[in-house]
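In my numbering, the protein residues as written are 1029 to 1268. By construction, the Cβ of each residue, glycine as well, lies at the ideal position given by its N, Cα and C atoms. This report concerns only the one structure given below.
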Ligand SMILES: [Zn+2]
């Protein structure tokens, strides 16, 4: 489906988009230490200590949410918090068992919670003004993105998750334009307690016809493209 920030790119640009996104995700996945040049700049020891103490507090809160979900029988042992300017603005916990909804994961619900907080009123696609996460911001310097500006979403935020995100949640993080992912337990740790996340990442690397779920490609493609043309022809479309 043509809903990705990369979709308007030619093939080379699209590959570059994914390469840089994957590199960013890899960096986030392998280190819990500050990695951006600004964060890595030398600072007084006191402020480093405070920053690390804050990060630990955020992760403690994610873990607290995860444990609460298990103890109350609401879902799996997963919790997440979203932080902006040093403050928690969104909380989520796995509530798959409470809701009977298979996608009720901690990261997705934290994103929904944070988005609601950053949008001062119900938007429902009608208010794209400053002060909402749909406010347009210009692309960054050196970005391979060919679209000059997009909605801000959760840019400027970090997410803390007690366990590695599943592919759905990692994808939700891309859509949200969150800057940095911190997670504790690895995909291997998660496999050990009986969850399939690692397998899904593996399955995603296979061609459509080799995946564990049957996929039919190009079904009524020409008719389906009418929706894409509607988007392309919309003069006041709002890129996100
Ligand atoms: Zn998930």
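- Every residue whose Cβ sits closer than 6 Å to any heavy atom of ligand 1 is listed here in chain order: 1133, 1135, 1193, 1194, 1196, 1197.
- Residue pairing by DSSP places residue 1194 opposite no residue, since no beta bridge is assigned to it.
- Exposure of residue 1129 is indicated by the presence of fewer than 16 other C-beta atoms within 10 angstroms of its C-beta.
- Annotation for residue 1175: no beta strand (DSSP E) segment contains it, and DSSP assigns it neither H nor E.
- Bounds of the alpha helix (DSSP H) holding residue 1216 are 1215-1220.
- Non-local C-beta neighbours of residue 1126 in its own chain, meaning closer than 7 Å and more than five positions away in sequence, comprise 1102, 1103, ordered along the chain.
- Under DSSP, the beta-bridge partners assigned to residue 1208 are 1186.
- Under the three-state reduction of DSSP output, residue 1181 falls in the coil class, being neither helix nor strand.
- Contact annotation, residue 1134 with residue 1118: C-beta distance approximately 10 Å; criterion of less than 8 Å not satisfied.
- For residue 1079, the uninterrupted alpha helix (DSSP H) segment begins and ends at 1073-1099.
- Residue 1178 is positioned such that its CB atom lies no closer than 8 Å to that of residue 1189.
- The alpha carbon of residue 1193 has as its nearest neighbour, out of 1209, 1205, 1074, 1263, the alpha carbon of 1209.
- In this chain, the beta strand (DSSP E) harbouring residue 1119 covers 1115-1121.
- Taking C-beta separations shorter than 6 Å and ignoring five residues to either side along the sequence, the partners of residue 1229 in its chain run 1195, following chain order.
- Residue 1128 has no beta-bridge partner at all, per DSSP.
- Residue 1166 has 1177 as its beta-bridge partners, per DSSP.
- Taking a 10 Å sphere around the C-beta of residue 1136, we find 16 or more other C-beta atoms and assign the residue as buried.
- CA-to-CA, the gap between residue 1170 and residue 1098 works out to about 44 Å.
- Cβ-Cβ distances below 6 Å link residue 1267 to 1175, 1178 in the same chain, with the five nearest sequence neighbours on each side left out; the list follows chain order.
- Annotation for residue 1136: no beta strand (DSSP E) segment contains it, though the alpha helix (DSSP H) segment containing it runs 1134-1146.
- For residue 1255, the enclosing alpha helix (DSSP H) covers residues 1249-1261.
- Counting only the Cα atoms, residue 1095 lies some 23 Å from residue 1114.
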